[in-house]
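Here the structure comes first, spelled out in structure tokens, and everything after it is commentary.
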Amino acid sequence: MVANIRRIVTGFGAWALIAFLSAATAGAEPAKPLPPEDCKRVRLALESRLPFGPGFRRLEVEFPKNDNNIEGHVCRLLTMGTGAHMEGYGIGSLSDMRTKVMAALNAGGWTETAETGRFSEKSTPGREVFALSGNNAICVTTIVVGLVDGAEPGPEAKKDGKVRLSALKPYQREWWISIDCFGVPGPLKPPAPTAKAAPDSAGAPGAIGGPKN
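Positions 1314 to 1526 (my numbering) are the ones given, in order, by the sequence shown.
Here it is, written out as structure tokens:
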């Protein structure tokens, strides 16, 4: 689990941010994180409307090195937990989690536009990414569900040598939610429709919301 946390904090969703910002701004200016008070409002919108805990940790994260010369920082809101803590109350699948998180952000004033809607995609089984905009800023949400480190799936959760996340016990599934918000310098431009996700090992066939085996 410690290795997972380190991976998430340092690079979780980095490809998504780079793809969106390079398309939206052409990388002309450094990305600027939301001011602390605005990031706090996003956090409160999430914590007051999502039916699970713990709350979101707020971080300021530097963009990783990339070929698009994008520099700067983002305000990152991060939470994680097992299905025992984060499922139920209307959340039983990856699609449910996406719906709940998006609804909380919508209620906080973040909306999906024609531009951000084109960016949203399910990049791999067990992983969802979508972007919302508001007040010349963008929030990119990445949701991942995977197998808890050290958990031993039962035979009913395995098929053809692969783990079916949907067949695991709730406490064997681990959820990660990262929401990265940053200001957009200049008018927002539509992202390139050909932007694709990088491979990710967190998902697996049979994951919640993924293809059925």
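Built from N, CA and C at the ideal position, the CB exists for glycine as well.
Item	Value
Mapping the DSSP letters down to three states, classify Gly1403 as helix, strand or coil.	coil
Suppose you measure from the CA of Pro1367 to the CA of Thr1392; what does that come to, to the nearest Å?	7 angstroms
When we look at the beta-carbon of Pro1438 and count the other beta-carbons within 10 Å, is it buried (16 or more) or exposed?	buried
Could you spell out where the beta strand (DSSP E) holding Ala1464 opens and where it closes?	Here Ala1464 belongs to no beta strand (DSSP E), and DSSP marks it neither H nor E.
To which residues of the same chain is Leu1363 closer than 8 angstroms at the C-beta, ignoring the five residues directly before and after it?	Lys1413, Val1414, Ala1417
Would you say the stretch 1440 to 1455 touches the stretch 1482 to 1498, given that touching needs at least three Cβ pairs under 8 angstroms?	yes
Could you check what DSSP says for Glu1360 in three-state terms: helix, strand or coil?	helix
Whether or not the stretch 1349 to 1363 and the stretch 1386 to 1400 are in contact is what I'm after, with contact meaning three or more pairs of Cβ atoms, one per stretch, closer than 8 angstroms; do they touch?	yes
Quick check on the DSSP output: what are the complete beta strand (DSSP E) runs of length 3 or more inside the stretch 1436 to 1486, in order along the chain?	1440 to 1447, 1450 to 1460
May I have the straight-line CA-CA distance separating Gly1403 from Thr1395, to the nearest angstrom?	16 angstroms
Cutting at 6 angstroms between CB atoms, please list the residues of its own chain near Thr1426, excluding the five before and the five after it.	Ser1446
Count the other CB atoms, across all protein chains shown, that sit within 10 Å of the CB of Lys1502; report buried if there are 16 or more and exposed otherwise.	Confidence at Lys1502 is low in this model, with a pLDDT of 48, below 50, so its placement is unreliable and the value that follows should be read with caution. Counting Cβ neighbours within 10 Å, Lys1502 comes out exposed, since fewer than 16 surround it.
By DSSP, does Val1497 sit in helix, in strand, or in coil?	coil
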